[in-house]
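Worksheet: the structure to be examined is printed underneath.
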Amino acid sequence: MVDQIAFRNALACFASGVTVVTAPGDGQGPVGVTVSAFCSLSLDPPLILVCLDNRTGCIAQFLESGAGFTVNVLAADQHALSDAFAGPQTFDLHGHGFKAGATGAPILDGVAAALSCQTHAIHDGGDHRIVVGRVADVQVTRDKAPLVYFQSSYRGLSERP
Ligand SMILES: Cc1cc2nc3c(=O)[nH]c(=O)nc-3n(C[C@H](O)[C@H](O)[C@H](O)COP(=O)(O)O)c2cc1C
Numbered sequence: 247m248v249d250q251i252a253f254r255n256a257l258a259c260f261a262s263g264v265t266v267v268t269a270p271g272d273g274q275g276p277v278g279v280t281v282s283a284f285c286s287l288s289l290d291p292p293l294i295l296v297c298l299d300n301r302t303g304c305i306a307q308f309l310e311s312g313a314g315f316t317v318n319v320l321a322a323d324q325h326a327l328s329d330a331f332a333g334p335q336t337f338d339l340h341g342h343g344f345k346a347g348a349t350g351a352p353i354l355d356g357v358a359a360a361l362s363c364q365t366h367a368i369h370d371g372g373d374h375r376i377v378v379g380r381v382a383d384v385q386v387t388r389d390k391a392p393l394v395y396f397q398s399s400y401r402g403l404s405e406r407p
């Protein structure tokens, strides 16, 4: 049995970007959750995946087949946004500006990229669910540096060593 702290420490060595995954919500307004477990999956058809903790308050929004959601890839200056969406839902997107994307889910202002998706498949992943999204539309803000998460801290990209 692998030691949990050692396991977490090993995972912390893997640098990732940071996303906020949003959904239109179910009458109370849009929701969003900070997610670093985002991965490209397939080019044809265009698929991505995100891993959501089973205890995530708004997880039901993502589990219905065809549900719309957006993967918002955060820019380097958006660490406060990452923290804001790592807590309980407030249904007002923390006062942050957004517009509806192609599948109805919010695209947050100022992000480096946004992938508008529909839920394609759900897989069991231990205490998480693997949500596979089919990408319907993408938006990219050219030359926006990404927010990086490494060793439990936010970082920026440094030049090639
Ligand atoms: C940098 C960062 C990355 C995170 N990555 C994930 C992730 O990949 N999957 C996930 O389920 N939760 C992730 N979380 C935690 C969720 O954002 C957090 O548990 C969730 O927003 C809590 O929502 P709730 O209180 O409504 O359950 C991450 C948090 C931070 C700060």
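Residue numbering for the sequence shown follows the working numbering, beginning at 247 and increasing consecutively.
Using N, Cα and C, we set each Cβ at its ideal position, and we do this for glycine too.
Query                                                                                                               : Result
Endpoints, alpha helix (DSSP H) assigned at Phe-253                                                                 : 250-258
C-beta atoms of Val-266 and Leu-327 nearer than 8 Å                                                                 : yes
Close-in-space but distant-in-sequence residues of the same chain around Ile-305 (CB under 6 Å, 5 per side omitted) : Leu-298
Sheet register partners of Thr-280 (DSSP bridge)                                                                    : Val-266
Where Ser-328 sits in the DSSP three-state scheme                                                                   : helix
Ala-283 beta carbon near ligand 1 (any heavy atom closer than 7 Å)                                                  : yes
Through-space distance from Val-357 to Ala-258, alpha-carbon basis                                                  : 24 Å
Phe-344 vs Val-317 beta-carbon contact at 8 Å                                                                       : no
Val-279 beta carbon near ligand 1 (any heavy atom closer than 7 Å)                                                  : yes
C-alpha gap between Val-281 and Ile-376, whole angstroms                                                            : 12 Å
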